[in-house]
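Going by our numbering, the first residue of the sequence shown is number 7, and it counts up by one from there.
Structure, as structure tokens:
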Amino acid sequence: MSEFASHAFQFLLHFGALGLIVLSILDSSFLFLPIGNDLLLIALVSRDSSHFLLYAVAAAAGSAIGVWTVDAISRKSGEEGLTKITSKKRLEYLKKKMKQNAAIAIVLACLAPPPFPFTAMIAAASALQYPRLRLFILVFSARLGRFLLVGLAAIYFHEEIMRIARSREFMWFMEAFALLCVVGSAYSIWRWSHAGLLKSTR
Numbered sequence: 007m008s009e010f011a012s013h014a015f016q017f018l019l020h021f022g023a024l025g026l027i028v029l030s031i032l033d034s035s036f037l038f039l040p041i042g043n044d045l046l047l048i049a050l051v052s053r054d055s056s057h058f059l060l061y062a063v064a065a066a067a068g069s070a071i072g073v074w075t076v077d078a079i080s081r082k083s084g085e086e087g088l089t090k091i092t093s094k095k096r097l098e099y100l101k102k103k104m105k106q107n108a109a110i111a112i113v114l115a116c117l118a119p120p121p122f123p124f125t126a127m128i129a130a131a132s133a134l135q136y137p138r139l140r141l142f143i144l145v146f147s148a149r150l151g152r153f154l155l156v157g158l159a160a161i162y163f164h165e166e167i168m169r170i171a172r173s174r175e176f177m178w179f180m181e182a183f184a185l186l187c188v189v190g191s192a193y194s195i196w197r198w199s200h201a202g203l204l205k206s207t208r
């Protein structure tokens, strides 16, 4: 697993901004890749800070594109579809947040780290028919702000990041992280497929 994860990460790292777009698309879909794009962004900026702004924009654009998948499924299935992938308690929480101030709820979901339910919040916004263009603009803008901060942190803490990246503990973390992503993504795909939502895009 560690060798596969290392090769996959190096492959995305090799393609720079394009690799970041691909990973961000996957991360913002119904797959489970928590902070994956943050880690890749940090690695890219630590390696070459001159393209810092390009990497942040690429990650934000990828996130906005990835949200399209969740939006396409959730907007068509509506609130009924949400009941198949989330608990009644969480559904009521999401609906409450959407009614109070949908824009703020979406922005917070984009800025907050895991375990904040980003995908669930986007699915709720789409299911409740929040304007699609506005949703994409909010996601892009909020994610851009987040990735700019992550990139600046990578520049400021460059030496410390490089020291951590070379440590054995970090390799153990990456092994556990890769396994978590595989298991989490498999479960997420099963849950959405079992609920019949993936068929709704056909």
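We put the beta carbon where it would ideally sit given N, CA and C, even for glycine.
Distance between residue j and residue i (C-alpha atoms, nearest Å)
i	j	result
glutamine 106	arginine 152	23 Å
glycine 87	glutamate 181	34 Å
methionine 7	valine 189	Because methionine 7 sits at a pLDDT of 46, beneath the cut-off of 50, its placement in the model cannot be relied upon, and the point is left open.
alanine 70	alanine 192	22 Å
tryptophan 74	leucine 19	24 Å
leucine 155	phenylalanine 183	22 Å
isoleucine 167	arginine 138	38 Å
threonine 125	phenylalanine 17	26 Å
lysine 95	alanine 171	40 Å
tyrosine 162	cysteine 187	28 Å
alanine 118	isoleucine 143	17 Å
serine 30	proline 120	15 Å
Sequence-distant residues of the same chain with beta carbon closer than 7 Å to residue i, five excluded per side
i	result
leucine 150	Ala62, Val63 and Ala66
leucine 32	Leu39 and Gly72
leucine 50	Leu19, Gly22, Leu26 and Tyr61
serine 52	Ala160, His164, Ile167 and Met168
serine 194	Phe36, Leu37 and Phe38
aspartate 44	Val156
Nonlocal neighbours in the same chain, by C-beta distance under 6 Å from residue i, ignoring five residues either side
i	result
threonine 207	Confidence in threonine 207 is poor, its pLDDT being 48 and thus under 50, which makes the residue's placement unreliable; the coordinate value appears in the next sentence. Cβ neighbours of threonine 207 beyond the five flanking positions: Ala78 and Ile79.
serine 55	Ile161
For residue i, three-class secondary structure by DSSP
i	result
aspartate 77	helix
Exercise. Hey, which unbroken runs of the alpha helix (DSSP H) at 4 residues or more fall wholly within the stretch 113–146?
Worked result: You should have 124–133.
Exercise. Hey, which unbroken runs of the beta strand (DSSP E) at 3 residues or more fall wholly within the stretch 31–61?
Worked result: Whole beta strand (DSSP E) segments, 3+ residues: zero.
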